[in-house]
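Everything below concerns the one structure shown next.
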Amino acid sequence: MPLMQLDGVTVQFGGLTAVNELSFAVAEKTIHGLIGPNGAGKSTVFNCLSRFYQPAVGKIDFAGRDLLALRSDQVMNLGIARTFQNVELFRGMTALENVLVGQHSLGGSGFFGDLFATSKVKQAESARRQAAMEALEFLGLADTANSLVGSLPYGKQKLIEFARALVSKPKLLLLDEPAAGLNPQETSHLGDLIVELKDKLGITILLVEHDMSLVMRICDTITVMEFGRKIAEGDAKTIQNNPAVIKAYLGEGEASA
Ligand SMILES: Nc1ncnc2c1ncn2[C@@H]1O[C@H](COP(=O)(O)OP(=O)(O)O)[C@@H](O)[C@H]1O
Ligand SMILES: [Mg+2]
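In full-length UniProt numbering, the protein residues as written are 1 to 257.
This is the structure:
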């Protein structure tokens, strides 16, 4: 049983078919790559999974639930978290405060709870702070907890976004180009961290990424898209030797695949 299964998903914007009868399955506790040239439809797939876009046709099953019947906030509660292609953090808040924002789906104390802060509420609050600190520590960011995000280097900001996604304890983590803007050393470190998320926390990862050496190094399975369709699927070796994949990337002037 896969954790998630897309079945014949089609997304249209006016006359443009951004995703075309796409089907693929993501196995539990794997790193699944979703790659393809610019405009292939990868981010559109993510936006369907987080329920920002509604497919015209198709089904998405997540852990036995009909994902398309749910709202965006319900999807979060079901255990799907994401990071964005561009860092979207509150720059004037500390790293710890930004990570705490990621926990809202676990249920806050509510307006009256905060107003008449009972010991139970205070306990819940301190548990939340502890979980946020643990997420920062897991990513080696404990020393940034009280720094304003806007003052930190870009590579660290990216990891804080990871920490924020992690505190909601997701089953599935959607990563949209996490290595964009990182130097080779930061990218390599990021790759190790993603593998740790799978191995140590049992999180399933769906990864959209342009850095082919990262994708080939850490993905268990790779689905390749071009013009909204799936053109290949398999492990790194299979994908690297697939003529349709090589052609798709050469066309983009990106022969690194
Ligand atoms: N909100 C939108 N409105 C209109 N067209 C869109 C929208 N989002 C994406 N597209 C188009 O859909 C296609 C797929 O885009 P996208 O999913 O962003 O590709 P990728 O992430 O693989 O680069 C592109 O042609 C893009 O211009
Ligand atoms: Mg994209």
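C-beta: ideal position from N, C-alpha, C; glycine also.
Predicted, not measured: the structure shown is a model, and the values here were computed from it.
Residue range of the alpha helix (DSSP H) that includes residue i
{"i": "G14", "result": "It is not in any alpha helix (DSSP H) - G14 carries neither H nor E in the DSSP assignment."}
{"i": "residue 271", "result": "With the chain covering 1 to 257 only, the question about residue 271 has no answer from this structure."}
{"i": "E233", "result": "Looking at the DSSP string, E233 is not in any alpha helix (DSSP H); the run it does join, the beta strand (DSSP E), is R229 to G234."}
{"i": "D192", "result": "P184 to L201"}
{"i": "M212", "result": "M212 to I218"}
{"i": "V101", "result": "A95 to V101"}
{"i": "E134", "result": "S119 to F138"}
{"i": "V245", "result": "P243 to G251"}
{"i": "L166", "result": "Y154 to L166"}
Of the listed residues the options, nearest to residue i (C-alpha basis)
{"i": "L175", "options": "E209, T30 and M133", "result": "E209"}
{"i": "A244", "options": "P178, I60, V224 and D7", "result": "V224"}
{"i": "I194", "options": "Q240, I246, G140 and S151", "result": "G140"}
{"i": "D66", "options": "N20, D7 and V101", "result": "D7"}
{"i": "S23", "options": "E97, P2, R129 and C219", "result": "P2"}
{"i": "N86", "options": "F52, Y154, T17 and T187", "result": "Y154"}
{"i": "R71", "options": "Q54, A63 and G58", "result": "Q54"}
{"i": "V45", "options": "A232, A236 and L207", "result": "L207"}
{"i": "G251", "options": "A40, P184 and G15", "result": "A40"}
{"i": "F62", "options": "E28, L89 and H32", "result": "E28"}
{"i": "V26", "options": "T221, M76 and K230", "result": "T221"}
{"i": "V101", "options": "R129, G228 and A142", "result": "R129"}
{"i": "D235", "options": "V19, A18 and L34", "result": "L34"}
Beta-carbon proximity list for residue i, same chain, < 7 Å, skipping 5 on both sides
{"i": "T238", "result": "none"}
{"i": "A135", "result": "V99, A163, L166 and V167"}
{"i": "R217", "result": "G191"}
{"i": "P178", "result": "T83, K158, L190 and E209"}
{"i": "G107", "result": "Annotation note: pLDDT 48 at G107 (below 50); position unreliable, coordinate value reported separately. Here the set comprises nothing."}
{"i": "A255", "result": "Residue placement at A255 is flagged as unreliable, the pLDDT there being 46, under the threshold of 50; a coordinate-derived value is accordingly withheld."}
{"i": "T187", "result": "A179, D211 and L214"}
{"i": "A232", "result": "V224, I239, N242, A244 and V245"}
{"i": "L89", "result": "N98, V149, Q157, I160 and E161"}
Beta-carbon contacts of residue i that lie in its chain and below 6 Å, excluding the five residues immediately before and after
{"i": "A248", "result": "P37 and E226"}
{"i": "E21", "result": "G8 and T10"}
{"i": "A56", "result": "T10 and Q12"}
{"i": "A32", "result": "A quick correction: the sequence has His, not Ala, at residue 32. Only V26, L206 and T221 meet the Cβ criterion."}
Sequence-distant residues of the same chain with beta carbon closer than 8 Å to residue i, five excluded per side
{"i": "residue 260", "result": "The question about residue 260 has no answer, for the chain in this structure spans 1 to 257."}
{"i": "P170", "result": "G79, I80, A81 and I203"}
{"i": "T144", "result": "A95, L136, L152, K156 and I160"}
{"i": "I60", "result": "M4, Q5, L6, D7, V9, C48, L49, D66, L67 and L68"}
{"i": "F52", "result": "S72"}
{"i": "R91", "result": "L148, V149 and G150"}
{"i": "A131", "result": "Q103 and V167"}
{"i": "N146", "result": "T94, A95 and L96"}
Segment limits, beta strand (DSSP E) that includes residue i
{"i": "D176", "result": "L172 to D176"}
{"i": "I205", "result": "T204 to V208"}
{"i": "A81", "result": "I80 to T83"}
{"i": "F62", "result": "V57 to F62"}
{"i": "E226", "result": "T221 to E226"}
Status (buried if at least 16 other CB within 10 Å, exposed otherwise) for residue i
{"i": "E161", "result": "buried"}
{"i": "F13", "result": "exposed"}
{"i": "Q103", "result": "buried"}
{"i": "D73", "result": "exposed"}
{"i": "T118", "result": "exposed"}
{"i": "D211", "result": "buried"}
{"i": "N241", "result": "exposed"}
{"i": "L16", "result": "exposed"}
Give me the pocket residues for ligand 1, defined as CB within less than 6 Å of any heavy atom, sorted by chain position.
Matched residues: F13, L16, A18, G36, N38, G39, A40, G41, K42, S43 and T44.
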